[in-house]
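In full-length UniProt numbering, the protein residues as written are 1 to 543.
Here a beta-carbon is modelled for each residue, glycine too, at the ideal position from N, C-alpha and C.
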Ligand code: G4P
């Protein structure tokens, strides 16, 4: 039993995600953060863990083949009195919806930039998501051990393209072969960089910081004097770090290093511990499940991380991690209370109750049963399809957090199983995958084909792979006549009128919500004008 109060437990949580353009070093950095946090003992373990996972769930083969990460998970570790929950976001752009949902569970993001490349397209997209959700950002400029862009140019890029004040916390002393280390702005402490000895497999320790004036041994020629001079410019040229401005999303502290060489990682971890926000007060509604008779009007409220009732929401469902047991693990991000193993929680939108007897905490090296958890923590709840992405769970069953959006898919395809005897199987399998929230499933009102929607082409490949590996179904995806899907809303009479006229293009989604399948974006515009009382929506909030 914890001796700390609920507020104190919540206050020592740091739940964060890493966002990066593919190849900027997210995986390497994850690994080295876990190493610095004492969660793993040797580099290489994250990959090894990945391999293990893959043997348990073959569908991730595609990850391995393509060298991309398509699954998001969480890793928890305790360091320096704080509990860190690192949410792993998929980097590939086809999985932006999944990433978006994962970021709803994060209180802070680490934006990794490749020092030679700066801001890249995917960095920008992910940044927009963080901005939309007011997630404060710590910047880590990686790969200093390689030739980098001019540091000032990198910071100017952050300022002009992201409209974010960069506040350098450290300043690099050159890069690549001439990398000497970095200096802390304000204190002038110099952190030396020690190169790997030729022929050695071991990464050296970089040693302790020392005053720059005492660090002559680490420099050549006039380098030390040049650095001291540059520092004056830097200290005068950028605003000093202001935590309030960072928390409000106007400023980003900038740190530097090399994930691969384990340089600058302790400093980054300290920045996360010191500055990243603890779980925040969240907006919610007190609301009875939909079918409740004589239910009182919903009431808007705020949920304080220190309040007693266990509340939270599911931001991801991972299915079939173990192909032998069609398990589903719902990733539950806690917003308040103290969760204890065996507790009963209710799903707000269905009123269903479940006893959480085998909750999982994801530690880097292992999964463990969670005995207790607090606001900010993420626990895996095994279930058989009761929990869906976007569900709110609480002890009373009356707390509802704003739903996680579903985005209208950008590609719609028809799916067919080669063996017609397996059509029933296909339906179940498609529903299972849609429940995970990775792809969307539309059942046309007429005809028996299923239409599958996804944000990117790669999702169809992953899906075909999973249908084969996990369900033994050989499927083909074919072009469909549809280009866009829109959820429709409005008065019943108007909806009936519209649906009556467009019956062949009407479908239902996995939650039985009506959807209009348009043949072109022109058609979406056309029906919008013809039926002004019907709304055609690009996003749908679940719950
Ligand atoms: P990602 O998850 O963001 O896609 O990036 P990942 O960590 O997989 O890193 C991409 C490549 O960049 C890897 O090289 C990795 O070793 C390298 N890298 C990451 N951080 C650093 C760094 O600080 N310095 C240098 N020099 N390289 C770094 P790779 O050759 O693609 O893979 P591998 O064969 O090394 O595993």
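Range of the contiguous beta strand (DSSP E) that encloses residue i
| i | result |
| --- | --- |
| residue 470 | Note, residue 470: premise wrong, no beta strand (DSSP E); alpha helix (DSSP H) at 457-471. |
| residue 181 | 181-184 |
| residue 283 | 282-286 |
| residue 189 | 189-192 |
| residue 380 | 378-383 |
| residue 416 | 411-417 |
| residue 505 | Segment: none, residue 505 is in no beta strand (DSSP E) and carries neither H nor E. |
| residue 478 | 475-479 |
| residue 197 | It is not in any beta strand (DSSP E) - residue 197 carries neither H nor E in the DSSP assignment. |
| residue 278 | Counting along the chain, residue 278 falls outside any beta strand (DSSP E), and DSSP gives it neither H nor E. |
| residue 372 | 372-374 |
Where the alpha helix (DSSP H) containing residue i begins and where it ends
| i | result |
| --- | --- |
| residue 79 | Residue 79 -> not in any alpha helix (DSSP H); beta strand (DSSP E) instead, spanning 74-79. |
| residue 151 | 151-162 |
| residue 274 | 265-275 |
| residue 432 | 423-435 |
With 16 other Cβ atoms within 10 Å as the buried cut-off, status of residue i
| i | result |
| --- | --- |
| residue 175 | buried |
| residue 328 | buried |
| residue 459 | buried |
| residue 294 | exposed |
| residue 57 | Residue placement at residue 57 is poorly supported in this model, since its pLDDT is 32, which falls under 50; the coordinates are not used for a value here. |
| residue 507 | buried |
| residue 448 | exposed |
| residue 267 | buried |
| residue 195 | exposed |
| residue 8 | exposed |
| residue 278 | buried |
| residue 500 | exposed |
| residue 115 | buried |
| residue 353 | exposed |
| residue 178 | exposed |
| residue 214 | exposed |
| residue 424 | exposed |
Per-residue DSSP class, three states only, for residue i
| i | result |
| --- | --- |
| residue 350 | coil |
| residue 391 | coil |
| residue 123 | helix |
| residue 241 | coil |
| residue 484 | strand |
| residue 219 | coil |
| residue 249 | coil |
| residue 144 | coil |
| residue 547 | Here the chain has residues from 1 to 543 only, and residue 547 is not among them. |
| residue 213 | helix |
| residue 56 | Unreliable placement is indicated for residue 56, whose pLDDT of 31 sits below 50; no coordinate value is reported for it. |
| residue 290 | coil |
| residue 525 | helix |
| residue 236 | helix |
| residue 454 | strand |
| residue 441 | strand |
| residue 5 | coil |
| residue 494 | helix |
| residue 400 | strand |
| residue 137 | strand |
| residue 36 | helix |
| residue 132 | helix |
| residue 10 | helix |
| residue 205 | coil |
| residue 105 | coil |
Bridge-paired residues (DSSP) for residue i
| i | result |
| --- | --- |
| residue 311 | 336, 394 |
| residue 20 | 112 |
| residue 535 | 489 |
| residue 118 | 114 |
| residue 86 | 16, 75 |
| residue 355 | 344 |
| residue 518 | 484 |
| residue 168 | 254 |
| residue 316 | 331 |
| residue 173 | 181 |
Supposed close pair residue i, residue j - CB separation, criterion 8 Å
| i | j | result |
| --- | --- | --- |
| residue 334 | residue 376 | 7 Å |
| residue 265 | residue 79 | Between residue 79 and residue 265 the Cβ distance is about 12 Å, and since that is not below 8 Å, they are no contact. |
| residue 298 | residue 286 | 6 Å |
| residue 126 | residue 19 | 4 Å |
| residue 455 | residue 410 | 5 Å |
| residue 434 | residue 441 | 4 Å |
| residue 549 | residue 505 | This structure leaves residue 549 out entirely; the chain is present only between 1 and 543. |
| residue 14 | residue 273 | 6 Å |
| residue 136 | residue 35 | Not really, about 24 Å apart at Cβ, beyond 8 Å. |
| residue 103 | residue 10 | Contact doesn't hold; Cβ gap of about 20 Å is too wide. |
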